[in-house]
Each structure stands twice: as structure tokens, then as C-alpha cells.
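Read through the structure below, which is laid out as C-alpha cells, and then see the notes.
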Amino acid sequence: MQVKLSWQPDADRDLPLPSYQTKGAAGADICANFGTKGGAVTLDPGARLLVPTGLSMAIPDGVEVQIRPRSGLALKHGVTLVNSPGTIDSDYRGPVGVIMINLGDTPFEVTHGMRIAQMVVAPVVQAQFTLVDDLDATERGAGGFGSTGVVA
74 MQVKLSWQPD ADRDLPLPSY QTKGAAGADI CANFGTKGGA VTLDPGARLL VPTGLSMAIP
134 DGVEVQIRPR SGLALKHGVT LVNSPGTIDS DYRGPVGVIM INLGDTPFEV THGMRIAQMV
194 VAPVVQAQFT LVDDLDATER GAGGFGSTGV VA
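Going by my numbering, the letters in the sequence shown line up with residues 74 to 225, in that order.
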């Protein structure tokens with residue numbers, strides 16, 4: 074499957090394109106790209122920020138690109154993504170940004186070229202929604218949060 078990428082006009086084109094770090098990786102790491110001048114931003118505890126990647130993409134019909142947190146940033150620094158996974162639809166052609174949040178207790182510096190998130194390409198199924206008078210009965214029924222039991 075091919076996802077076509079293009080650089081934003083002000084992007085630093087010397088940075089790597091999204092890439093898989095191991096043979097079995099499901100997600101391709103994507104970098105912060107603050108443009109040709111580089112730089113960094115500090116993400117204070119509790120703060121969130123849209124971090125540019127310098128990229129736009131053309132995603133084939135029938136798939137989406139999901140933007141997910143990097144586990145190392147989450148574990149070591151408490152830095153994650155606000156809308157996770159974020160979805161990039163196949164008909165979107167604008168700039169790709171990553172909404173980061175610092176849930177840790179110390180400021181975190183997002184530097185130019187830092188691997189900030191991972192991209193997963195996933196199939197999409199569009200449903201047909203039908204309004205009905207009654208729904209099928211199931212054993213669970215309307216049981217919601219915690220209704221299937223408590224794990225000890």
C-alpha cells in the first residue's frame with residue numbers, strides 16, 4: 074500500500090520521512106518539523122500544543138492514517154497525544170499536525186526532528202445507519218461500564 078507524502082512549503086526537507094523502526098513495527102515514527110529554521114518548544118505540565126510535521130499526505134480510499142502516541146515518551150515523560158488515535162481521512166490534503174499534551178510534572182522540550190508520534194495505516198469500513206424500532210436482545214443487554222465484572 075502506498076501513502077503519498079509531500080512537504081509543506083516551509084518544511085525542513087532534510088528530516089526523515091515517517092519510517093518503521095523495526096521489521097515488525099505496526100507504526101511508522103513521524104518527526105516534529107519546525108521548518109527550515111528548526112528550533113524547539115517547551116510543553117509545560119498540563120499544556121497542549123499542535124506540533125507541525127511539515128507533511129501533507131494522500132491516503133488511498135478505504136484506509137485511514139491513525140496518529141498514536143510513542144510509548145517511550147508516555148512512560149518516561151508523561152507526554153502523550155490528546156486525541157488518540159487521531160484520524161487522518163483519505164480525502165484530507167492539508168498539513169499534518171500532532172496534538173501533544175504533557176501529563177507529566179516537569180516541562181518537556183519538543184525539539185526539531187524529534188520522533189513525536191507514530192502513524193498506523195488501517196482499513197476503514199463505512200457503515201449504513203438504519204433507524205429501527207427495536208434492537209436485537211443480547212445476554213449483556215444495556216449493561217454499561219463495569220457490567221461484565223470486576224477484575225481482582
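Quick reminder that beta carbons are idealized off the backbone N, C-alpha and C, glycines included. Note that the structure is a prediction, hence the values are computed from the model and not measured.
If you look at L146, you'll find it in the alpha helix (DSSP H) that goes 144 to 150.
Taking a contact as a CB-CB distance under 8 Å, the pair I174 and T160 does not count as one, their CB atoms being some 17 Å apart. Taken through DSSP and simplified to helix, strand or coil, V138 comes out as strand.
Residue pairing by DSSP puts G170 in a beta bridge opposite P125.
The residue from D209, D83, E212 with its alpha-carbon nearest to that of L128 is D83.
In this structure the region 132 to 146 lies against the region 181 to 201, because at least three pairs of beta carbons, one per stretch, are closer than 8 Å.
Spatial neighbours of P125 in its own chain (CB-CB distance under 6 Å, excluding positions within 5 residues in sequence) are listed in chain order as N106, G170. In this structure A101 touches P91 by the C-beta definition: roughly 4 Å separates them, less than 8 Å.
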